[in-house]
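Residue 1228 is where the sequence shown starts when you use this note's numbering, and the numbers rise one by one after that.
Glycine included, C-beta positions come from ideal geometry on N, C-alpha and C.
Single-structure report; data block below.
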Amino acid sequence: MSDSIANVPSTMRAWIYSQKGRPSQVIRLDPAFPAPSVSSLQAGEVLVKITHATFNAGNTLLMQALPTFLRKMPAIPEMEFCGTILAAGSNIASSRPELAVGTVVIGMCPLGEMFRKGRGVLAEYLATTAEAVVSIPRGISTTEAAGIGGVGCTALQVTDLLGLKRGQSVLVNGGSAGSGVMMVQVAKYLVGETGRVVATCSAANAELVRSIGADEVIDYRVNHPLYDYLITHYATQRFDAIIDCIGIQELYLHSPAYLCEGGKYLNIGAYATKTTLAGVFQWTWNQYANRFCPVWLGGIPRWYMFYSATPDVPTLNRVRQMVEEGHLKQVVDSVWEMEDVKKAYERMESKRTRGKIIIHIQD
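So this is what it looks like as structure tokens:
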């Protein structure tokens, strides 16, 4: 049994795909895709009317590189959303009373559900576990909220792993990307006024990145290759941590010149990965070698980890609190209507975004 305030139609508008490739080329809008039903809700699930959704760079890469037999097809893309709870499973009232029917929420559709069940958020309705759903932060619009949960969780979990402290020095590679915008803000909050956050971005985004907390900005286009610039300018004032939101292998390979002994290099990006199966295999090998190859076999003498965040209720609640206290704000690159998702993907594929791309699904 479930609590419900509305009958959900049997079909819905949804963007779907059935083959791998660039999202702008393989997706199509189905005006009558089967909608989740209230009666099919599991005990720990909620049914959400999605108002806004956003893109996730990692998910977009998987759409291009992952063989289709590894996930249920046809599939609905993307995972981050904002919407209103229309129905709740039988366990929700006792386990998560704050998720009452009618509550506006932010959340993530877990990768496991996307792979096994073909679920995604570029659709009018979503049935998903309540394990990564919380109420929307106060003082933020539903447009902004759609893209803050996933990247906010990533920023908090990454900085937790790094153990950032007051007075430390941090490099954020990709400071104007969707994840980078959050990473700069959280890093600056943690290292404080006595610490230093250096971020890379293009000259066009430098003012934005400074406005959200970066103490110094490096134009990666002018100062290419970036590692040469860092060797020249930061060898005597090395970083305590490097957060790579892009995934530049050469940046790690040269890091001993500008990352302190005992410093940590944490990568969350795969922008530089070739979107072929061979490219994914090469990227996977690099992650393994970076993490485990000993120095005597040619490994780099700096701690390394690739990290993919797992949004959960405690971290999402921390994100909400930081937003409400004014420590985190969303930067929206652009807002697109449901009918224009292909154009929105073309914008993302240009790799020239600043902040998050938001899709307005419905009112």
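Beta-carbon gap between residue i and residue j smaller than 7 Å
i	j	result
residue 1501	residue 1468	no
residue 1526	residue 1496	no
residue 1348	residue 1277	yes
residue 1399	residue 1426	yes
residue 1482	residue 1437	no
residue 1405	residue 1378	yes
residue 1422	residue 1376	no
residue 1558	residue 1585	no
residue 1407	residue 1472	yes
residue 1531	residue 1518	yes
residue 1413	residue 1441	no
residue 1402	residue 1428	yes
residue 1357	residue 1323	yes
residue 1551	residue 1258	no
residue 1282	residue 1396	no
residue 1368	residue 1332	no
residue 1484	residue 1445	no
residue 1352	residue 1235	yes
residue 1330	residue 1319	no
residue 1454	residue 1478	yes
residue 1287	residue 1247	no
residue 1350	residue 1239	yes
residue 1275	residue 1316	no
residue 1450	residue 1476	no
residue 1486	residue 1470	no
residue 1301	residue 1245	yes
Reduced DSSP category for residue i - H, G, I as helix; E, B as strand; rest coil
i	result
residue 1228	In this predicted model, residue 1228 has a pLDDT of only 46, less than 50, meaning its place in the structure is not dependable; the value taken from the coordinates is given anyway. In the structure shown, residue 1228 sits in coil (DSSP, three-state: anything other than H, G, I, E or B).
residue 1471	strand
residue 1494	strand
residue 1533	strand
residue 1274	strand
residue 1244	strand
residue 1387	helix
residue 1415	helix
residue 1268	coil
residue 1444	strand
residue 1437	helix
residue 1377	helix
residue 1489	strand
residue 1580	coil
Top-ranked residue by Cα proximity to residue i, from the options
i	options	result
residue 1242	1319, 1276 and 1346	1346
residue 1409	1590, 1294 and 1581	1581
residue 1263	1572, 1372 and 1354	1354
residue 1337	1540, 1570 and 1554	1540
residue 1339	1364, 1350 and 1299	1299
residue 1384	1563, 1534, 1567 and 1568	1534
residue 1563	1248, 1588, 1265 and 1550	1588
residue 1579	1471, 1430 and 1557	1430
residue 1250	1396, 1290, 1275 and 1273	1290
residue 1314	1503, 1568, 1273 and 1486	1273
residue 1373	1326, 1279, 1488 and 1239	1279
residue 1572	1311, 1554, 1305 and 1445	1305
residue 1270	1256, 1248, 1476 and 1321	1321
residue 1590	1570, 1565 and 1576	1565
residue 1325	1583, 1577, 1570 and 1544	1544
residue 1555	1234, 1238, 1416 and 1350	1416
residue 1542	1493, 1334, 1513 and 1301	1334
residue 1511	1238, 1292, 1486 and 1245	1292
residue 1382	1513, 1547 and 1575	1547
residue 1387	1536, 1561 and 1583	1536
For residue i, the residue or residues it bridges with in DSSP
i	result
residue 1424	1397
residue 1239	1260
residue 1279	1309 and 1587
residue 1255	1243
C-beta neighbour in chain B for residue i, strict 7 Å
i	result
residue 1355	The structure shown contains no chain B; it holds only a single protein chain.
- prompt: What are the start and end residues of each continuous beta strand (DSSP E) run of 3 or more residues lying completely inside the stretch 1285-1318, in chain order?
  reply: Listed in chain order, the complete beta strand (DSSP E) runs (minimum 3 residues) inside the stretch 1285-1318 are 1307-1315.
task: Report the residue ranges of all alpha helix (DSSP H) runs contained in full by the stretch 1308-1370; include only those spanning at least 4 residues, in chain order.
output: Qualifying alpha helix (DSSP H) stretches, in chain order: 1319-1322 and 1338-1344.
field: Length-filtered (4 minimum) alpha helix (DSSP H) runs lying within the stretch 1509-1577
entry: Runs of the alpha helix (DSSP H) inside the stretch 1509-1577: 1540-1551 and 1568-1576.
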